[in-house]
Amino acid sequence: MSKRTNLLCFFYASFSMMYYLLFTRALAEMTGDITVWSAVSSATYLCFLGIGIALSHKTSLAQSRAAVGTIEAVNAGWGGLAMLALYLWHMIYRIYMYTFGYDLAPMGIDTKIVFATLSQLLLGGTGLISGVAFGLVSQLALGERLARLQRTLAIYQVGGLMGSLVLLLVLLPKYEPIYICLATSMGNFAAALLWPKGRDADDADDSTSSIPRRYTAAAAVVIVAVAVFTWSSDLVQVQIKNFYYNSYKLQMAEDGSLTYEYPLPLTAWFRRAATYPAIERHRGLYQTVDIVRNEPPRIPLADRPAGWTLFLDGHFQASSAYEADYHQALAHLPATVAGAPGTNVLIIGGGDGLLARELLRYQNPNLKITLVDIDPLILQLAAEHEDLRRLNHSSLDHPQVEVMSADAFQMLRRAQDRYDRIFVDVLFPYNFETSRLYSVEFFEALRRHLTPSGTVSILSPVEIGYEVAGDSDDEATLTLLRDTLQEAGFTDVYLYGEQRHSFFLAK
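In this text, residue positions in the sequence shown follow this note's numbering: the first is 51, and each later residue adds one.
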């Protein structure tokens, strides 16, 4: 195999790996369950990759030489269309199979599992086609020498690694998966057109008769790419608007009666989506931040103006209308048990600056607040975004607030400081990263950094403003958190809260 074909194999491997990672990332965001569906997607891709390799051995050596370019062109088409299909399938799922933020379960079937499982067929197609292409190239290499096969394997592995690094470190923090996937598909098409069509895969001098056909195909690809990119920019907004706006709603009429508002059907939603406020999306290395402009309520409330809501990876973080209830309770209710926050305070999470705003209300000139958040993106938005700055009163720029972009786990392992108050203001544990912050090891680290009279305040994923008695799941969650804190060495553990949120105070 020539240098040209080796280079093409390198790019083929990179493109296939990027399809797989893009699909896995998009599905994890859509389901909100990164750990489970990343693992399932990996297993699906590898399974179909193996099936594709097995199927490739049914072709002869001569057929393999001619088929590689065609198979890669098919891979390019499938890779781009599969992501488009996933976005449309997610909208169908949200419209017809989802309500009130909880899964419907007709006949005992979890519809989120149905959505994610059927989505695996799209990824399986990518794995199958990639496996066939790899098997064909391996046959060509093995038909020459074992050493060349080994070199081909190395090229595929290095190509996959490079595709992964470029995607995860450079592209995903800046661009939507669908844009990257379509660009990858176009690059894949271009590489497929360059595969030698002669009798020998090493023959770099392709027959001149194929050149006009290739240019025609390349021109068609460019035209389709421009059309799809133009449409996909609207499709992204349609898809994320559908996620946030087009759902079952409970509405209150002027006479006080409650009615249900059902989501628009798919075709009607495509016509109406443009009338809804655009979603402001910011992508970073660690998470995606969405700022959603709230629809005006049917019956406006004087103390609850329509504003905006902040979501991290699709999970609720803060509402401009309700955040004061949460942050005032978290910041000030512990003072009724343990007094004012002292002089040295640590905030873990809280990158929006809203909790820091509340603590600065004590106007203690000796107060020092250290805020540690792993994501520089949310810290940047809190410091620079007009709406967030207005809401947090520019708290991150206050001279008494020290802001650190770091992993709190690692920071606590290295730091020697002790704090009068520690506040853990993070999302509910929905993946491995957030679950670490509710572990015995992490709670032990918090306790070691407290002064003798210090306290820790932690968000609980249970809304105690609603009746939880008899709710076995809520009771089990509260018991688990209390037991975990006590296992970490806290002797006094209290539960407190306001209408929508609950917190644990431990000392």
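C-beta: ideal position from N, C-alpha, C; glycine also.
For a quick check, are the C-beta atoms of Gly-213 and Ser-64 less than 8 Å apart? yes
Cβ pair count under 8 Å reaching 3, the stretch 315-331 against the stretch 408-428: no
So the candidates are Thr-176, Ala-456, Glu-408, Ser-110; which of them puts its Cα closest to the Cα of Met-133? Thr-176
For the stretch 129-148 and the stretch 219-234, state whether three or more C-beta atom pairs, one from each stretch, are separated by less than 8 Å. yes
Buried or exposed by the 16-neighbour rule on C-beta atoms within 10 Å, applied to Leu-402: For the record, residue 402 in the displayed sequence is Asp; it is not Leu. Result: buried.
Using 10 angstroms around the beta-carbon of Tyr-295, count the other beta-carbons present and answer buried if the total reaches 16, otherwise exposed. buried
Using DSSP bridges, identify the partner residues of Thr-359. Val-342, Ser-369
Coarse secondary structure for Pro-502, derived from DSSP in three states: Reduced to three states, the DSSP call for Pro-502 is strand.
Report the residue from Ile-472, Ser-66, Ser-444, Ala-458 whose alpha carbon sits nearest the alpha carbon of Cys-231. Ser-66
So, are the CB atoms of Gly-82 and His-365 less than 8 Å apart? Yes, the pair counts as a contact, with Cβ atoms nearer than the cut-off.
Which residues does DSSP list as the beta-bridge partners of Gly-399? Asp-475
When burial is assigned at 16 or more other CB atoms within 10 Å of the CB, is His-551 buried or exposed? By the C-beta density criterion, His-551 is buried, having at least 16 other C-beta atoms within 10 angstroms.
From the DSSP secondary-structure annotation, give me the bridge partner or partners of Val-451. Paired residue(s): Ile-419.
Would you call Gly-210 buried or exposed, if buried means 16 or more other Cβ atoms sit within 10 Å of its Cβ? buried
Give the range of the alpha helix (DSSP H) segment to which Arg-54 is assigned. 53-81 is the extent of the alpha helix (DSSP H) around Arg-54.
6 Å CB neighbourhood of His-140 in its chain, flanking five on each side removed: Met-80
Just tell me which of Arg-75, Ala-233, Glu-408 has its CA closest to the CA of Ala-126. Ala-233
From Asn-292 to Ala-371, what distance separates their C-alpha atoms? 22 Å
Can you give me the C-alpha to C-alpha distance between Asp-524 and Ile-103, rounded to a whole angstrom? So the two alpha carbons sit approximately 48 Å from each other.
Three-state secondary structure assigned by DSSP to Thr-393: coil
Where Gln-450 and Glu-408 are concerned, what is the direct C-alpha to C-alpha distance, given to the nearest angstrom? Distance between the alpha carbons of Gln-450 and Glu-408: 13 Å.
Kindly confirm or deny that the stretch 166-185 and the stretch 106-124 touch, where touching means at least three C-beta pairs closer than 8 Å. These segments touch.
Select from Gln-289, Lys-108, Leu-441 the residue whose C-alpha is nearest the C-alpha of Ile-142. Gln-289
For the pair the stretch 464-471 and the stretch 433-445, tell me if three or more CB-CB distances fall below 8 Å. Segments in contact, no.
If you draw a straight line from the alpha carbon of Leu-441 to that of Ala-406, how long is it in whole angstroms? 11 Å
Does Lys-557 pass the burial test, meaning 16 or more other C-beta atoms within 10 Å, or should it be called exposed? buried
How is the beta strand (DSSP E) around Tyr-336 delimited, first residue to last? Careful: Tyr-336 lies outside any beta strand (DSSP E) and carries neither H nor E.
Chain-order list of residues whose beta-carbon lies under 8 Å from that of Gln-170 (same chain, five-residue window excluded): Val-90, Ser-91, Thr-94
Classify Gly-539: buried if its beta carbon has 16 or more other beta carbons within 10 angstroms, exposed otherwise. exposed
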